[in-house]
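**Student:**
In the working numbering, the protein residues as written are 5 to 356.
(1) Is the Cβ-Cβ distance between residue 186 and residue 156 less than 7 angstroms?
(2) Rounded to a whole number of angstroms, what is the C-alpha to C-alpha distance between residue 301 and residue 332?
(3) Nearest-angstrom Cα distance between residue 235 and residue 291?
(4) Assuming residue 208 and residue 201 form a contact by the criterion Cβ under 8 angstroms, report the distance between their Cβ atoms to the nearest whole angstrom.
(5) If you run the structure through DSSP and keep just helix, strand and coil, what is residue 208?
(6) If I'm right that residue 101 touches residue 92 with Cβ under 8 angstroms, what's the distance once you round it to whole angstroms?
(7) I need the boundaries of the alpha helix (DSSP H) containing residue 271, first residue and last residue.
(8) My output table needs one value for residue 190: the three-state DSSP class, helix, strand or coil.
(9) I'd like the span of the alpha helix (DSSP H) that includes residue 348, first residue to last.
(10) Which same chain residues end up closer than 8 angstroms to residue 264 when comparing Cβ atoms and leaving out the 5 residues on each side of it in sequence?
(11) Excluding five sequence neighbours on each side, which residues of the same chain lie with their C-beta closer than 6 angstroms to the C-beta of residue 259?
(12) Is the distance from the Cβ of residue 183 to the Cβ of residue 204 below 7 angstroms?
(13) Using the three-state DSSP reduction, which class does residue 353 fall into: helix, strand or coil?
(14) According to DSSP, what are the bridge partners of residue 180?
(15) Tell me the residue span of the alpha helix (DSSP H) that contains residue 90.
(16) DSSP three-state label for residue 282, please.
(17) Below 6 angstroms CB to CB, which residues in the same chain sit around residue 206 once its five sequence neighbours on both sides are set aside?
(18) If you measure between the beta carbons of residue 130 and residue 96, is that distance less than 7 angstroms?
(19) Closer than 8 angstroms is the cut-off here; do at least three beta carbon pairs connect the region 315 to 324 with the region 340 to 347?
(20) Quick check: the Cα distance between residue 295 and residue 309, rounded to an integer number of angstroms?
(21) What is the rounded straight-line gap between the Cα of residue 275 and the Cα of residue 159?
(22) Can you give me the start and stop residues for the alpha helix (DSSP H) that residue 134 sits inside?
(23) Would residue 103 and residue 134 be called neighbours here (beta carbons separated by less than 7 angstroms)?
(24) Would residue 76 pass as a contact of residue 89 if the rule is Cβ separation under 7 angstroms?
(25) Using the Cα positions of residue 298 and residue 37, report the straight-line distance between them to the nearest angstrom.
(26) Label residue 323 either buried or exposed according to how many other C-beta atoms from any shown protein chain fall within 10 Å of its C-beta, with 16 as the threshold for buried.
(27) Do you know how far the Cα of residue 82 is from the Cα of residue 20?
(28) Using DSSP with H/G/I as helix, E/B as strand and the rest coil, what is residue 309?
(29) Would you grab the beta carbon distance between residue 153 and residue 194 for me? Rounded to a whole angstrom, and I think it's under 8 angstroms.
(30) Would residue 335 be called buried (16 or more neighbouring beta carbons within 10 Å of its own) or exposed?
(31) Are residue 239 and residue 281 closer than 7 angstroms when you measure CB to CB?
(32) State the DSSP-derived secondary structure class of residue 13, mapped to helix, strand or coil.
(33) Tell me where the alpha helix (DSSP H) around residue 163 begins and ends.
(34) Comparing C-alpha positions only, which one of 32, 84, 80 sits nearest to residue 52?
(35) Nearest by alpha-carbon distance to residue 253: which of 285, 225, 243 is it?
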């Protein structure tokens, strides 16, 4: 079970503006809002930008949104500065992507202490871009500023960096501290990674019940890694965790159906072998082995080859058995390759 990283996506914010309330109100209120915006009221300009950005009360129009964000941003409105940065960062619809402009506007909002912009600025320095050099020190500085204000995505990223020794000396206790802060705010990546730390006893006493708790929180929000990890705990059982094949099957399937290859393989194994409360189902096993085998995984290629060789879940087909077992021989996994080669020689699969 490995720690996962996901660079926090740059995010819009539409703070302190109840746009629906505005356009659901009388038309005269909208007219007054436009009048205030045209006369330089930054808050009104920002509100109109949000309306055009979301298509609320007006036809969605990125160019108009950009225009009004810029007017508000130039007067120092931090929300407008951040959202203007996002538009240039992502190159949304009619707005040409421009990393330098994005950096400029994030910087302006970040320097005024706005945590969302601080995180977005950190992400830009973290990944680099056209005209923006990757800068780990700047990235760390802004992640920390955002994290210390309670911004969950930045807290998660700091945790990951401490766990992996990226920019700091590896420090599992610091990693746990930041993962916990983000996890308690509902960040699914932090929840999964905090669970991994409890699961493996990294920087903290191993605790299967705590691991299960945090895996479940992330899994219930759709995180594929947590779903697979939760399933594995039920599959294997553990200290205080009762083995439960039905729960394992449920969570492997949820993860597998989202395309996570490890879960697809684990699901195939469960159907192949059966278990308590899970009936052996070779046809389902073949379906999932096939998905994994096509992604180049030698274990699945070998097992799929065996299914064709013995006609389990499929019509016996030695040509297909030969194809998949040969793939497993060539797959680069020494252990699987050795077993596959023994099978190849023993049954003289080259003949088919």
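The beta-carbon is built from N, C-alpha and C at its ideal position, and this holds for glycine as well.
**Tutor:** If we stick to the structure as given:
(1) Position 182 of the chain shown holds residue 186. Position 152 of the chain shown holds residue 156. Yes, Cβ-Cβ distance for residue 186 and residue 156 is below 7 angstroms.
(2) Numbered from 1 along the chain shown, position 297 holds the residue referred to as residue 301. Numbered from 1 along the chain shown, position 328 holds the residue referred to as residue 332. One C-alpha to the other measures close to 8 angstroms.
(3) As a first step, residue 235 must be located in the chain shown, where it is residue number 231. As a first step, residue 291 must be located in the chain shown, where it is residue number 287. Their Cα atoms are separated by approximately 19 angstroms.
(4) For the purposes of this step, residue 208 is taken as the residue at position 204 of the chain shown. For the purposes of this step, residue 201 is taken as the residue at position 197 of the chain shown. About 6 angstroms; that satisfies the 8 angstroms criterion.
(5) By one-based count along the chain shown, residue 208 stands at place 204. Reduced to three states, the DSSP call for residue 208 is coil.
(6) Within the chain shown, the letter at position 97 stands for residue 101. Within the chain shown, the letter at position 88 stands for residue 92. Contact flag correct, Cβ pair sits at about 7 angstroms.
(7) Position 267 of the chain shown, counted from the start, is the residue given in the question as residue 271. Its alpha helix (DSSP H) spans residues 265 to 277.
(8) In the chain shown, counting from the first residue as 1, residue 190 sits at position 186. Coil, per DSSP.
(9) The residue labelled residue 348 in the question sits at position 344 within the chain shown. 338 to 350 is the span of the alpha helix (DSSP H), which, as asked, contains residue 348.
(10) Against the chain shown, residue 264 aligns to sequence position 260. Within the same chain, residue 264 has close Cβ partners 228, 229, 231, 232.
(11) As a first step, residue 259 must be located in the chain shown, where it is residue number 255. Apart from the 5 residues on each side of it in sequence, residue 259 sits with its Cβ closer than 6 angstroms to the Cβ of 228, 231, 232, 267 in its chain, given in chain order.
(12) Residue 183 sits at position 179 when you count from the first residue of the chain shown. Residue 204 sits at position 200 when you count from the first residue of the chain shown. No. Outside cutoff.
(13) The residue labelled residue 353 in the question sits at position 349 within the chain shown. It is helical.
(14) Within the chain shown, numbered from 1, the residue matching residue 180 stands at position 176. DSSP lists no partner for residue 180.
(15) Start at 1 with the first residue of the chain shown, and residue 90 comes out as number 86. DSSP places residue 90 in the uninterrupted alpha helix (DSSP H) bounded by 82 to 94.
(16) Mapped onto the chain shown, residue 282 falls at position 278. DSSP places residue 282 in strand when its eight states are reduced to three.
(17) The residue given as residue 206 occupies position 202 in the chain shown. 176, listed in sequence order.
(18) For the purposes of this step, residue 130 is taken as the residue at position 126 of the chain shown. For the purposes of this step, residue 96 is taken as the residue at position 92 of the chain shown. Result no, Cβ atoms of residue 130 and residue 96 do not sit closer than 7 angstroms.
(19) no
(20) Stepping through the chain shown from its first residue, residue 295 is reached at position 291. Stepping through the chain shown from its first residue, residue 309 is reached at position 305. If you take the alpha carbons of residue 295 and residue 309, they lie about 13 angstroms apart.
(21) Position 271 of the chain shown, counted from the start, is the residue given in the question as residue 275. Position 155 of the chain shown, counted from the start, is the residue given in the question as residue 159. One C-alpha to the other measures close to 39 angstroms.
(22) As a working note, residue 134 is residue 130 in the chain shown. For residue 134, no alpha helix (DSSP H) encloses it, and the DSSP letter there is neither H nor E.
(23) As a working mapping, residue 103 is identified with position 99 in the chain shown. As a working mapping, residue 134 is identified with position 130 in the chain shown. Going by C-beta atoms, residue 103 is nearer than 7 angstroms to residue 134.
(24) Along the chain shown, read from residue 1 onward, the residue named residue 76 stands at position 72. Along the chain shown, read from residue 1 onward, the residue named residue 89 stands at position 85. No, Cβ-Cβ distance for residue 76 and residue 89 is not below 7 angstroms.
(25) For the purposes of this step, residue 298 is taken as residue 294 along the chain shown, with counting starting at 1. For the purposes of this step, residue 37 is taken as residue 33 along the chain shown, with counting starting at 1. Approximately 57 angstroms, taken between the alpha carbons.
(26) Against the chain shown, residue 323 aligns to sequence position 319. So residue 323 counts as exposed.
(27) By one-based count along the chain shown, residue 20 stands at place 16. By one-based count along the chain shown, residue 82 stands at place 78. Residue confidence for residue 20 is low, a pLDDT of 49 falling below 50, so the modelled location carries little weight and cannot support an answer.
(28) For the purposes of this step, residue 309 is taken as residue 305 along the chain shown, with counting starting at 1. Helix at residue 309.
(29) Reading the chain shown from its first residue, position 149 is the one you call residue 153. Reading the chain shown from its first residue, position 190 is the one you call residue 194. Wrong, their Cβ atoms sit about 16 angstroms apart, outside the cutoff.
(30) Start at 1 with the first residue of the chain shown, and residue 335 comes out as number 331. Flag for residue 335 reads buried.
(31) For the purposes of this step, residue 239 is taken as the residue at position 235 of the chain shown. For the purposes of this step, residue 281 is taken as the residue at position 277 of the chain shown. No. Outside cutoff.
(32) As a working note, residue 13 is residue 9 in the chain shown. Residue confidence is low: residue 13 scores 49 on pLDDT, short of 50, so the model does not pin down where it sits. No coordinate-derived value is stated.
(33) Working through the chain shown from its first residue, we reach residue 163 at position 159. Residues 156 to 168.
(34) Within the chain shown, residue 52 is the residue found at index 48, counting from 1. For the set 32, 84, 80, the Cα lying nearest the Cα of residue 52 is the one of 84.
(35) The sequence position of residue 253 within the chain shown is 249, counting from 1. Of the listed residues, the one whose Cα sits closest to residue 253 is 285.
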